[in-house]
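S.K.: As given, the protein sequences belong to chains A and B, one line each in that order.
The numbering used here numbers the first residue of the first sequence as 1 and each following residue consecutively.
The numbering used here numbers the first residue of the second sequence as 1001 and each following residue consecutively.
The beta-carbon is built from N, C-alpha and C at its ideal position, and this holds for glycine as well.
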Amino acid sequence: MSNGSDHATHWRRTRALMWVTLTIWFVFSFLVHWFASALNESSFLGFPLGFYMAAQGSLFIFVVLIFWFARAQDRIDRECGFAEEDE
Amino acid sequence: MKKSGNFIDNLPKIYGIYTGGFLVFILLMAVLEQMGVSADTIGILFVGFTVFIYAAIGWLSRTMQVDAYYVAGRQVPPVFNGMATAADWMSGASFVAMAGGIYMGGHAYLAFVVGWTGGYVLVASLMAPYLRKFGCYTVPDFIGTRYGGNLARFCAVLVLVLASFTYVTAQINATGTIASRALHIPFEVGVWFGLLGILLCSMLGGMRAVTWTQVAQYIVLIIAYLVPVIWMSNKQGFGLFPQLAYGDAVMRLGELEALHQVGELKPAETFAGLRALTVKHAEAAGDPFAAWKFATLTLCMMAGTASLPHILMRYFTTPSVKAARQSVAWSLLFIFLLYFTAPALATFTKLQVLDPNLATGIIGKSIAEVNALEWIKNWSEVGFLKVVDSNGDGLLQINEFFMRGDIVVLATPEIAGLPYVISGLVAAGGMAAAMSTADGLLLAIANALSHDLYYKIIDPKAETKTRLIVARVLLIVIGAGAAAVASLKLTSILGAVAWAFDFACSGLFFPLVLGVWWKRANRQGAIAGMLAGLISGTLYLYAVRFGGMEPWLGIDHLRFGIIGMPVSLVAMVVVSLMTPAPSDEIQKMVDDTRVPKGDTILSSSH
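Written as structure tokens, this is what we have:
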């Protein structure tokens, strides 16, 4: 089942997923905190927003992001026929 | 704890009983305290009992099989591997120093918190599943096979040893500090006591023993971290989920900072290792330079996370590639539980100290009154804090109270007036955090030296038995070396930890990532990348830290990966393109690495 084009499709979709994941990662790792001072002007759950994002918000998004990534990659593996058999 | 399918199936039950047993033990200690048993005895019981349990697990997990020793037989379920990774990851620095760092450093310090969690996104998307598919025993095993040749393998061993050894001395230092305080023995003796516990956990069973002790250590450390915070929050009326409710406390701190003139009153005196509070809690500096410093530190810690071999090798132990990916997610969830609590702890503790409306508030009180407090006396005695009256008005101002950030976690139960049993619990938690990380690091070093240097380079014909004996002898030798260095107390706990991340990302990040994601990467490029990154980073560290050089653009000794990483990338790409592409065989290997299906690249016992 694994011919050359399957490999290519699988890798193209895997790469696309990687870039989407890393873009979200970049936003919550760097972009948000670059503007922490401005964000601190607004508040969220009673916190200054800039502080909240660094103390909790970004962390929470990273956790959800990795769970989502693991599911999405598994779906790609299955649809392209490259998932491990014994599961 | 013999290897069998049954044991794996029973894991939830076994660790459930263990957790229940630990909670009963805490209650027992509380009862003993009520009966008048001394605080010192309770501290000794806490640390002694937990270390004994870890050593027992280590003994029960002993093995003479290669794949059990190096990768725990590749049968660790994702959730349990997540807990083990979390313990492996959260070191003495996370447990002891992080809340203190936030207490002292405010928003700027949160770069560590963001960096040490976001790094797992890189681990999940770029590294862990592919390294698992590869089937390697160690990180240099991947470099050596993907790029081929002993020199590439040797360079990877070099980076690994440098990064991990820097890190492990800090951990053994932390075990020594905690053991010496809890057991009332000199620091130098505490270091060797800590090492003994660490070796008992790892020596006989290698990765298998370390895995099952780390799960046990995670349970102790997370209970020890959460209980005091929840207790304190409940006492102050913030409810049982302080992490969600401390926004008001942060806002209240803002008012108190204005009241006490935090940031305006500068300390008039200096004490080595101690600091007065001069930074506002939630305020982020608005200038681009501060934002740049935040971003550079975050990046170094993230790339370092994704390059540190003791973390990557945890994902070699899962049953499948899919399980490795899930396991990264579980790891971060378990880490998140502590990391999103640390800022809450720092906030509550600061409120306790600063708020004049609380019985525990000390700022603004008379110096004589403050000096009479039990916790001030205890921690002043060991030189961890100092109260002075710089302006001679008899009252304590914010710039007259000096302390070491490290004590926030350890002293909080005393500051908030919680029973001593909580202090004992916290000591046991700190010990678990430092020991579990030291275990993982020592094993990473010893495995790289025994598998890659000894077996793959020096004596490829060595028998299994010899290999495993060599691995254990190395473990003892390296552990003893690290303990000897730790007893010299060269750097603070946190400094050494940040350096380990910078060493790792300077030397290993791009050779690992490009090994999977860029087929054209070849041996010459990888060697150039590892050496150029490591050497440039190290030279820069030396120049900034010891050579008196002015840091470029605020890139100080905590951030030298910002120099090492780009040098490594450029060297690797340029040299790869200037030399021939890797063979078809290697390119086929990379293709196979990229899909979960099929056998691992390296056979299960190689």
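#1: Just to confirm, are valine 1421(B) and glutamate 1033(B) a CB contact at a threshold of 7 Å?
#2: Looking only at DSSP bridge pairs, what is serine 1327(B) linked to?
#3: Where does leucine 1277(B) sit, in a helix, a strand or coil, going by DSSP?
#4: Sorted by chain position, which residues of the same chain lie with C-beta nearer than 6 Å to valine 1513(B)'s C-beta, five sequence neighbours on each side aside?
#5: Give a yes or no on contact between the region 1427–1443 of chain B and the region 1048–1056 of chain B, applying the rule of three or more CB pairs nearer than 8 Å.
#6: Got a sec: is the Cβ-Cβ distance from phenylalanine 82(A) to anything in chain B below 7 Å?
#7: Can you check the region 1214–1269 of chain B for any beta strand (DSSP E) of at least 3 residues that lies completely inside it and give the ranges in chain order?
#8: Between threonine 1298(B) and chain A, is any beta-carbon pair separated by less than 7 Å?
#9: Between alanine 1474(B) and alanine 1446(B), what straight-line distance do the alpha-carbon atoms span, to the nearest angstrom?
#10: Residues in the same chain with beta-carbon distance under 7 Å from threonine 1341(B), minus the five sequence neighbours each way, listed in chain order, please.
#11: I need the straight-line Cα distance from glycine 1254(B) to glutamate 1400(B), nearest angstrom please.
#12: Would you decide whether tryptophan 1212(B) is buried or exposed? Buried here means 16 or more other CB atoms lie within 10 Å of its CB.
#13: Just the chain B side, please: which residues come within less than 7 Å of isoleucine 66(A) by C-beta, in chain order?
#14: I'd like to know whether the C-beta atoms of valine 1168(B) and alanine 1438(B) end up nearer to each other than 7 Å.
#15: Using the beta-carbon count (16 or more within 10 Å), is leucine 1023(B) buried or exposed?
#16: Can you check whether the CB of alanine 1268(B) is closer than 7 Å to the CB of serine 1390(B)?
#17: Measuring CA to CA, which of Ala1182(B), Asp1088(B), Tyr1218(B), Lys1588(B) is closest to tyrosine 1015(B)?
#18: Is the Cβ of threonine 21(A) closer than 7 Å to any Cβ of chain B?
#19: Checking contacts by CB at 7 Å: is asparagine 1010(B) closer than that to chain A?
#20: From the DSSP secondary-structure annotation, give me the bridge partner or partners of leucine 1395(B).
#21: Exposed or buried, threonine 1166(B), counting other C-beta atoms within 10 Å across all chains shown (16 or more means buried)?
#22: Report the three-state DSSP secondary structure of methionine 1403(B) (helix, strand or coil).
#23: For a contact defined as C-beta to C-beta under 8 Å, what are the partners of threonine 14(A) on chain B?
#24: Using the three-state DSSP reduction, which class does lysine 1002(B) fall into: helix, strand or coil?
#25: Considering only C-alpha positions, which residue in the set Thr1175(B), Leu1277(B), Leu1312(B), Ala1282(B) is nearest to leucine 1160(B)?
#26: Using a beta-carbon distance below 7 Å, is aspartate 74(A) in contact with chain B?
#27: Can you name the residues that DSSP bridges to leucine 1385(B)?
#28: Could you check which residue in Val1037(B), Val1079(B), Thr1579(B), Ile1017(B) has the C-alpha nearest to that of serine 1651(B)?
#29: Does isoleucine 1017(B) pass the burial test, meaning 16 or more other C-beta atoms within 10 Å, or should it be called exposed?
#30: At a threshold of 6 Å, does alanine 1411(B) count as lining the ligand NAD (C-beta to nearest heavy atom)?
#31: Apart from the five residues just before and just after methionine 1301(B), which ones in its own chain have a Cβ nearer than 7 Å to its Cβ?
#32: For phenylalanine 1503(B) and proline 1309(B), I'd like the C-alpha separation in whole angstroms.
#33: Closest to phenylalanine 1348(B) by CA distance: which of Leu1299(B), Ile1458(B), Thr1412(B), Leu1531(B) is it?
#34: Taking 8 Å as the cut-off, does the region 1522–1537 of chain B touch the region 1554–1572 of chain B (at least 3 CB pairs, one atom from each stretch)?
#35: If you reduce the DSSP assignment to three classes, tell me which class proline 48(A) lands in.
#36: On the three-state DSSP scale, how would you describe serine 43(A)?
M.R.: Taking the coordinates as given:
#1: yes
#2: Looking at the DSSP assignment, serine 1327(B) forms no beta bridge with any residue, so it has no partner.
#3: coil
#4: Leu1126
#5: The region 1427–1443 of chain B makes contact with the region 1048–1056 of chain B, as at least three CB pairs between them are under 8 Å.
#6: yes
#7: none
#8: yes
#9: It is leucine, not alanine, that sits at residue 1474(B) in the sequence shown. Rounded to the nearest angstrom, the gap between the Cα atoms of leucine 1474(B) and alanine 1446(B) is 6 Å.
#10: Closer than 7 Å at Cβ, skipping near neighbours: Tyr1225, Leu1226, Val1229, Gln1243.
#11: 20 Å
#12: buried
#13: Tyr1120, Val1121, Ala1124, Val1328, Ala1329, Leu1332
#14: yes
#15: exposed
#16: yes
#17: Tyr1218(B)
#18: yes
#19: For asparagine 1010(B), the nearest beta carbon of chain A is not closer than 7 Å to its own beta carbon.
#20: Ser1366(B)
#21: Its Cβ being crowded by 16 or more others within 10 Å, threonine 1166(B) is buried.
#22: DSSP places methionine 1403(B) in strand when its eight states are reduced to three.
#23: Arg1594
#24: In this prediction, lysine 1002(B) has a pLDDT of 46, which is less than 50 and means its spatial position is unreliable; what the coordinates show is noted afterwards. Looking at lysine 1002(B) - three-state DSSP - the assignment turns out to be coil, as it is neither helix nor strand.
#25: Leu1312(B)
#26: Taking Cβ atoms only, chain B reaches closer than 7 Å to aspartate 74(A), which makes this a yes.
#27: Met1403(B)
#28: Not covered by the structure: residue 1651(B). The range shown for chain B is 1001 to 1606.
#29: exposed
#30: What this structure holds is no ligand at all, so the ligand NAD is not there to describe.
#31: Phe1112, Gly1115, Trp1116, Gly1119, Phe1501
#32: Straight-line Cα distance between these residues: approximately 12 Å.
#33: Thr1412(B)
#34: yes
#35: Three-state result, proline 48(A): strand.
#36: Three-state result, serine 43(A): strand.
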